[in-house]
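> Below is a structure I'd like to ask you about.
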Amino acid sequence: NAGVTQTPKFQVLKTGQSMTLQCAQDMNHNSMYWYRQDPGMGLRLIYYSASEGTTDKGEVPNGYNVSRLNKREFSLRLESAAPSQTSVYFCASSELGAGGAKNIQYFGAGTRLSVL
Amino acid sequence: EDQVTQSPEALRLQEGESSSLNCSYTVSGLRGLFWYRQDPGKGPEFLFTLYSAGEEKEKERLKATLTKKESFLHITAPKPEDSATYLCAVPVSGTYKYIFGTGTRLKVLA
């Protein structure tokens, strides 16, 4: 049981380059999330998808786009990478679609991105 | 403003030396609180959900408690394998969002 799988694990980009971070879950969860984690800051939500075909902006969406390709897959795209986007990116999924104590999130191992 | 604060930022314990980690929060309409464990180079791993003030949950050497203002993660007789960063998070009422604390980095020395 793989859970949440993220690719790639590491990536180095030059300013202005684009890339897509991939995420897939095999738990048949409805909701999926993209977070970024920076030193000294808590996990911050970039985008959220409550179900296939729907996406919503989170706390820090600027510079990112997402696609909920199907129930399993949720990708994050950086169209023109900037040094401020150097971070660790985590994808998560949960069974339920609404916030609350029953909505446990399961996280992938992360993508470590450096933008030079 | 909804906020989650964890303390201490870092904690070093000798093996067997019990201690507590704190997560204080200010949110309107608390709808539960989560504790996660994060090992270096990995994603957060779910530990506990606490639904209401007064609730307690236990798992091996860990015990989580919840009051109306804060949660504690008590670690009894820790072992080196308990070394990790411990995160707490609260859901924001009426949204799908969660506020995560910055975590407590725990190091248990043999």
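Keeping their order, the protein sequence lines are chains V and Y. Residue numbers 1 to 116, in the numbering used here, belong to the letters of the first sequence in order. Residue numbers 117 to 226, in the numbering used here, belong to the letters of the second sequence in order. Don't be surprised by glycine CBs; every beta carbon is placed ideally from N, CA and C.
Please list, in chain order, the chain Y residues whose beta carbon lies closer than 9 Å to that of V/F107.
Y152, Q154, K158, G159, P160, E161 and F162
> Indicate whether Y/Y202 and Y/L163 have their beta-carbon atoms separated by less than 9 Å.
Contact flag set, yes.
> Does the CB of V/S51 have a neighbour CB from chain Y at under 9 Å?
False, the Cβ-Cβ gap to chain Y never drops below 9 Å.
> Residues in the same chain with beta-carbon distance under 6 Å from V/S49, minus the five sequence neighbours each way, listed in chain order, please.
M32, T55, R68 and F74
> Check whether chain Y comes within 9 Å of V/M41, counting only Cβ atoms and requiring the distance to be less than that.
yes
> Grab me the residues of V/N70's own chain with a C-beta within less than 7 Å of its C-beta, minus the 5 sequence neighbours each way, in chain order.
E52
> Report the neighbours of Y/F216 on chain V: residues whose CB is nearer than 7 Å to its CB, in chain order.
G42 and L43
> Consult DSSP for Y/E197 and reduce its assignment to one of helix, strand or coil.
Three-state result, Y/E197: helix.
> Give me, in chain order, the residues of the same chain whose beta-carbon lies closer than 6 Å to that of Y/E171; leave out the 5 immediate sequence neighbours on both sides.
L182
> Indicate the three-state DSSP secondary structure (helix, strand or coil) for V/Q105 in the structure shown.
strand
> Report the option in V/R72, V/L45 and V/V66 whose CA atom is closest to the CA atom of V/V60.
V/L45
> Quick one: residues in its chain with C-beta nearer than 8 Å to the C-beta of V/S18, no 5 flanking neighbours on either side, listed in chain order?
R77, L78, E79, S80 and A81
> If you check the beta carbons only, do Y/G148 and Y/T121 fall under 9 Å apart?
no
> Classify V/V12 as buried or exposed, calling it buried when 16 or more other Cβ atoms lie within 10 Å of its own Cβ.
exposed
> Which term fits Y/F150, buried or exposed, when burial requires 16 or more other beta carbons within 10 angstroms of its beta carbon?
buried
> Chain V beta carbons: is any one of them nearer than 9 Å to that of Y/A193?
Chain V, which has no Cβ nearer than 9 Å to the Cβ of Y/A193, makes this no.
> For a contact defined as C-beta to C-beta under 7 Å, what are the partners of V/Y89 on chain Y?
Chain Y residues near V/Y89: none, gap ~10 Å exceeds 7 Å.
> Return the chain-ordered list of same chain residues with a C-beta closer than 7 Å to the C-beta of Y/S199, the five sequence neighbours on each side being excluded.
L222, K223 and V224
> So, does the stretch 102-110 of chain V touch the stretch 189-198 of chain Y, judging by three or more C-beta pairs under 8 Å?
A contact is defined here as three or more CB-CB pairs under 8 Å, and the stretch 102-110 of chain V fails this definition with respect to the stretch 189-198 of chain Y.
> Would Y/G132 pass as an interface residue toward chain V - the criterion being a Cβ-Cβ separation below 9 Å?
no
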